[in-house]
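This is how it looks when you write it as structure tokens:
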């Protein structure tokens, strides 16, 4: 029996799965961060050893039969980091499987395309537009972090909502129910108290990002300020998608757009706005499997048949 391993490594957690070549998932474990930019080399080495040891204990002799490992890991965008991670993984095997190390955005893409070309739009706490074409050329737009980019992220949407509410309190902006929603959310009675909650928090970024659902809530209640914000965010996301599509694909190509992250998973408003604005041959899709299944799709050698994809979906639940 031949096996494959998929690794989805993020900044806070890493999910690892072992599957056979038919798409049957046999193990599913979660670990800490594997981002080489935020953890030590010693920690990484010990963590990978633990991962593969756990697989061997659950499925005896499986490591000797692994023929492919796909690791999509946050922080693997640089060549040096990818090389180091590949060396760590290869050193855990005696049979020299194929090891592929990629940025973690590719896992999210493959959770919708199952190894095929396309573009993934990730809108969580941060944001990035990432794609790969039929010639295996990869590229990205955005993802520059909350200080210099991350348009369309939870942080971006939350920040815009707070700014609009404070502008209304000042008398500089139109009336919006966002002010009342924010007062309730933060337990504040004034704008001064509200911004104290933000600036005095341990992580302003992680304090602002959870505000994004309030913008959706205000939109659903007919708030015009929230509507303006969400249309602006949708415009920014669509511009990123079109920019990357123009780089990677021809105008005649039909391009799957995989929508991942909390802003899409928790509400259909943003995805509906993107569909309304679309002037390209895009097909928007919300994946029904986690990104680690996308890494398995990247690890399986050869064409993924409909039967293999069906097994990956079924056994991942």
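Residue numbers (the numbering used here): 54 to 370.
Beta carbons are placed, not taken as given, at the ideal position from N, Cα and C, and that holds for glycine.
If you draw a straight line from the C-alpha of residue i to the C-alpha of residue j, how long is it?
i           : j           : result
residue 196 : residue 127 : 12 angstroms
residue 345 : residue 69  : 7 angstroms
residue 151 : residue 81  : 21 angstroms
residue 215 : residue 327 : 23 angstroms
residue 319 : residue 144 : 40 angstroms
residue 302 : residue 186 : 7 angstroms
residue 167 : residue 295 : 22 angstroms
residue 245 : residue 228 : 18 angstroms
residue 140 : residue 225 : 56 angstroms
residue 71  : residue 59  : 7 angstroms
residue 90  : residue 274 : 42 angstroms
residue 335 : residue 310 : 6 angstroms
residue 236 : residue 157 : 36 angstroms
residue 321 : residue 203 : 20 angstroms
Would you check if the distance between the CB atom of residue i and the CB atom of residue j is smaller than 8 angstroms?
i           : j           : result
residue 116 : residue 105 : yes
residue 308 : residue 271 : no
residue 340 : residue 93  : no
residue 222 : residue 210 : no
residue 51  : residue 75  : Here the chain covers residues 54 to 370 and nothing more, so residue 51 does not appear.
Return the residue from the list the options that minimises the CA-CA distance to residue i.
i           : options               : result
residue 289 : 214, 358, 205 and 261 : 205
residue 260 : 305, 85 and 212       : 212
residue 57  : 121, 131 and 143      : 121
residue 159 : 182, 322, 295 and 244 : 182
residue 315 : 193, 174 and 296      : 174
residue 286 : 336, 208 and 360      : 208
residue 291 : 103, 162, 368 and 323 : 323
residue 330 : 362, 293 and 234      : 293
residue 62  : 87, 325, 177 and 218  : 87
residue 277 : 360, 298, 217 and 132 : 217
residue 5   : 132, 131 and 172      : This structure cannot settle anything about residue 5, because the visible part of the chain is limited to 54 through 370.
residue 153 : 123, 321, 180 and 103 : 123
residue 297 : 190, 99, 135 and 79   : 190
residue 200 : 338, 257 and 134      : 257
residue 118 : 131, 125 and 147      : 147
residue 337 : 352, 317, 355 and 356 : 317
Report back the beta-carbon spacing between residue i and residue j to the nearest angstrom; my notes put them in contact at under 8 angstroms.
i           : j           : result
residue 268 : residue 283 : 6 angstroms
residue 83  : residue 66  : 6 angstroms
residue 364 : residue 77  : 5 angstroms
residue 192 : residue 184 : 6 angstroms
residue 149 : residue 138 : About 16 angstroms; that fails the 8 angstroms criterion.
residue 347 : residue 161 : 6 angstroms
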